[in-house]
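Enquirer:
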């Protein structure tokens, strides 16, 4: 007899045989499967000093040609500039490896297959990241670059140092010379204008706001853990809990600029932002475009400084939007155009991608308009230490640190509570253990929680906003197709060793005497725990004896 | 700047630096790290026709010498007869790979390092498995061999065919000639006796009992998923839900044999069984020894047939014990000695290994006598189909199959209920959908459960015994060090596609038209879902528009 693996073949309703998502090694992404286009193309960089910018939006025929090239590409391998190792990703969150980070082959392929100037952008963007970001960053997606700080770094700074701020790119990183940069203000404004960088910096009253930016995908990994095992099909980055950061942003409010244009026309309801980066949807390139409702004009900063320094290319130099209270995806980087509209942006980022569906919606039935466009984020929080899977040696109290944040307007984190037992008991974090309250920013916390119990413990945290909204209990309470907005209570499991328990102190002393390490916890103990006499006595006492006496 | 992996170093209380259990690739076990002993040894096979049996129990000095050899072995590599591929293991239970099955290096090493006749036993045992078992078996541990049937096979047969019956070995597989086999009956009996095979088979009234044997580790994987990520340190097999099987066992009751010995002496409370296989604990060999309380004498069969056929070597030929209602570990295979005692067996299998601790007990504080010796199993059940992670296409009802079992005496499965929503609604399984009630066996079930909902659904099952005991809700309700007795409600997640929903039927027709497969579910849909006009209309209707009208 021979033994082989049993695999699970399934015939889907279209009669196609598929291998069901299998619990196998994390797949590395496919190698490029098409060659570089070597014909002549009309699309190019058009503005001097604007490297990495192609004005797709203004040339629909360029977009169409690019799509045709990608649709009809020859099946021929070209080499990716990224290796799986570059995207290697130290999973601090989950004890089980879900994915090793995403190499970003799919998006690199779009750029490289089109050839021309786009060919080098993935590799160039990576070089920019290496210049601008700290080497400790965890790479979640190599291209477009998505990276988050470590848990330890997140809780060190209420104002995140620029090199540690999370990055969620959607395409390449343009390098735009501030001297040639120009901002167009148009659409449903009374007097369309253009503004140069020096004018923006010196010609208007400036404002500095402390704001947390957060990706709507933060903590996505918890939703992925609930899903079908198709982690490699989910093209969105497998963020843990650090896809957020806080900075002091300086610039001019959007309201000021709109006033400079003589205000809005009556029909205007939304204001669109254009970013110079290139973004693809179904093989079609465009610039990065989203909008915000006009009620956010006064809060929104058209920013050129981040924590007192000019923006780096990675964070949108020379100028970006910062929309406090909204997900980061609305804070457009490499901003070059502002346009007032009679409806929200119809560009795919906002209308097809950052959508929030109910649990019952999926590939089998959703339309884009069944989801709603994600703006302000709900109350959320996460434990940064201890780490999931950590063996915690303590004397009856475990120190827990983390962050809490809420989006929206005139709303903030009011209270944080930590539970050492999965949500049965909740210990409040006092005001002194919470960082300062800002209008638009997170609060960090550090608290010691009574923990008499030993063994595997489920620690969890919940925050409350000023209106007493708190977080759902379980990940699946908010599971949604596309796995956005994970704000259920963040749970970690630790192995608790309470040194104030005499029997535990004795055991650790015994281990020390025998020269045995405690960890790994499940490594069998190579020592005698009791002699036969003691064991028999315990049987006679009734400790082990199973049968009743009478 | 350069980027590297962040690793988690930790200094334990003994000052030893350890890398915290990391979410990395399943480790293959260490290669052997010591050479084969080539000195002369006294231990050997002593009984003609009893290949694979060394009478360790009768020669304490042999045990001691073997221990000294293993303790002092030279650090020198020898090659394992097992490769990770042999233990490859198709995980049908969990969407996340926990471990790829265990190669069994640790136990093979004990045998091979001692050299002499033991050297070949691991490889020989593997050959016996290949002869006796079906090729579809899932190998959970190569040596000692642990294997379970597939989920599909389990629910096909109320009486499990012998080649599909689960196997939980603790050492090698002896090959014992029935003609030379002899059973000793001694200890606290009034007249010690010996019995030959023909005499056992023909000299006493025989009895046939239909009994399910179950490993106390069945469904262990669910507990492992809760644990620290130290799956490779847990030396116990990572069973899914198929470490059980039902057979019609034929033999002579233990009561009959004890009566043949003139009955028990008054002090006797327990009866020990000796198996001819070799088992190691902390480098020390012994034969496999456990006991049962005397109240189980009448239920217990000293069996020579399994489903009407003589036992195969894998299942204990020529004679084994079968203790209905108790975990399989008490049903000793290759039985050669029965001994009445004034206390439960003090051999390590029962006194140090098959123990059930509270959640609060662990390496940091437990003594063996803090656990109790596992005998009868509590009520349990599991879903065999659909499989976890399966995309289920249905018309509003999902067919669920599985098993339910309880141990104990005068107890059986009375009711089974299935929930399509994580335990909120429970649909009963009717008597007609349950297999026959036996005194000592499982019941299989098949039921259609109303399932209007789509997307990820949490299906779960619970069974009730005749005393209305049912199962705990969550795995962690019963989590215990050594991860025995997993009987919490078995949960699976499916992706439900309800074809009776018109919007879903429409979408599948669209996919078919575009030549697109539905799976993998998360593979992005490369087609337009709505045109701009439709989308804008939905915005104007208020479906997407976020701002209130007034």
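Residue numbers (full-length UniProt numbering), protein chains in the order written: chain F, 1 to 550; chain P, 1 to 550.
Every residue, glycine too, gets a C-beta built ideally from N, C-alpha and C.
1) Identify the contact partners of residue 539/P in chain F, using a Cβ-Cβ distance below 8 Å as the criterion.
2) If we ignore side chains and look at the alpha-carbon of each, how far apart do residue 467/P and residue 351/P end up?
3) Taking residue 501/F as the query, report the chain P residues whose CB atoms sit under 7 Å from its CB, ordered along the chain.
4) Let me know the secondary structure DSSP gives residue 219/P once reduced to three states.
5) Taking residue 351/F as the query, report the chain P residues whose CB atoms sit under 7 Å from its CB, ordered along the chain.
6) Given a cut-off of 8 Å on the beta-carbon distance, is the pair residue 285/F and residue 66/F in contact?
7) Just to confirm before moving on: does the CB-CB distance between residue 247/P and residue 129/P stay below 8 Å?
8) Among the residues of its own chain, which have a CB less than 6 Å from the CB of residue 489/F, if the five just before and after it don't count?
9) Here's the rule: buried if 16 or more other CB atoms are within 10 angstroms of the residue's CB, otherwise exposed. What is residue 172/P?
10) Leaving out five residues before and five after residue 438/P in sequence, what residues of the same chain have Cβ atoms less than 6 Å from its Cβ?
11) What residue ranges within the UniProt domain "Expansin-like CBD" (405–487) of chain F form continuous beta strand (DSSP E) runs of no fewer than 3 residues, ordered along the chain?
12) I want to verify the contact list: residues of chain P whose CB lies under 7 Å from the CB of residue 59/F, in sequence order.
13) Taking DSSP as the reference, what is the three-state secondary structure of residue 106/P?
14) Please classify residue 133/F as buried or exposed, where buried requires at least 16 neighbouring CB atoms within 10 angstroms.
15) Roughly how many whole angstroms lie between the Cα atoms of residue 141/F and residue 304/F?
16) Within the continuous beta strand (DSSP E) that includes residue 214/F, where are the two ends?
17) Give the secondary structure of residue 361/P by DSSP, where H, G and I count as helix, E and B as strand, and everything else as coil.
18) Just to make sure I have the definition right: I need the residues of chain F whose C-beta is within less than 7 Å of the C-beta of residue 36/P. Which are they?
19) Tell me which residues share the same chain as residue 433/P and place their Cβ nearer than 7 Å to its Cβ, disregarding the 5 neighbours each side in the sequence.
20) For residue 369/P, name the three-state secondary structure that DSSP assigns.
21) Hey, is the segment 400–416 of chain F in contact with the segment 374–387 of chain F, meaning 3+ C-beta pairs nearer than 8 Å?
22) Identify which residue in 212/F, 330/F, 180/F has its Cα closest to the Cα of residue 166/F.
23) So, for residue 330/F: in the same chain, excluding its five sequence neighbours on each side, which residues have a beta-carbon less than 6 Å away from its beta-carbon?
24) To the nearest angstrom, how far is it from the Cα of residue 194/F to the Cα of residue 185/F?
25) From the DSSP secondary-structure annotation, give me the bridge partner or partners of residue 167/P.
26) Report the neighbours of residue 514/P on chain F: residues whose CB is nearer than 9 Å to its CB, in chain order.
27) Do we get a CB-CB distance below 8 Å when we pair residue 521/F with the residues of chain P?
28) Here's a check: name, in chain order, each residue in its chain whose Cβ is nearer than 6 Å to the Cβ of residue 401/P, leaving out the five neighbours to either side.
29) For residue 154/P, which three-state DSSP category applies?
30) Below 8 Å on C-beta distance, what does residue 532/F contact in chain P?
31) Tell me whether residue 64/F is buried or exposed, calling it buried when 16 or more other Cβ atoms sit within 10 Å of its Cβ.
32) CB-CB under 6 Å to residue 50/F, same chain, minus the five flanking residues each way: which ones, in chain order?
33) Exposed or buried, residue 151/F, counting other C-beta atoms within 10 Å across all chains shown (16 or more means buried)?
34) Comparing alpha-carbon positions, which option in 35/F, 59/F, 40/F, 38/F lies nearest residue 46/F?
35) So, is the C-beta of residue 145/F closer than 8 Å to a C-beta in chain P?
Expert: Taking the geometry as given:
1) 343, 344, 369
2) 29 Å
3) 365
4) coil
5) 535
6) yes
7) no
8) 460, 462, 471, 473
9) buried
10) 210
11) 413–419, 443–450, 455–465
12) Chain P residues near residue 59/F: none, gap ~19 Å exceeds 7 Å.
13) helix
14) buried
15) 26 Å
16) 207–214
17) coil
18) Near residue 36/P there are no residues of chain F at all, since even the closest Cβ is about 22 Å away, more than 7 Å.
19) 445, 446, 447
20) helix
21) yes
22) 212/F
23) 290, 292, 323
24) 6 Å
25) 147/P
26) Those do not exist, as residue 514/P stays about 10 Å from chain F at its closest Cβ, beyond 9 Å.
27) yes
28) 155, 384, 385, 446
29) helix
30) 346
31) exposed
32) 176
33) buried
34) 59/F
35) no
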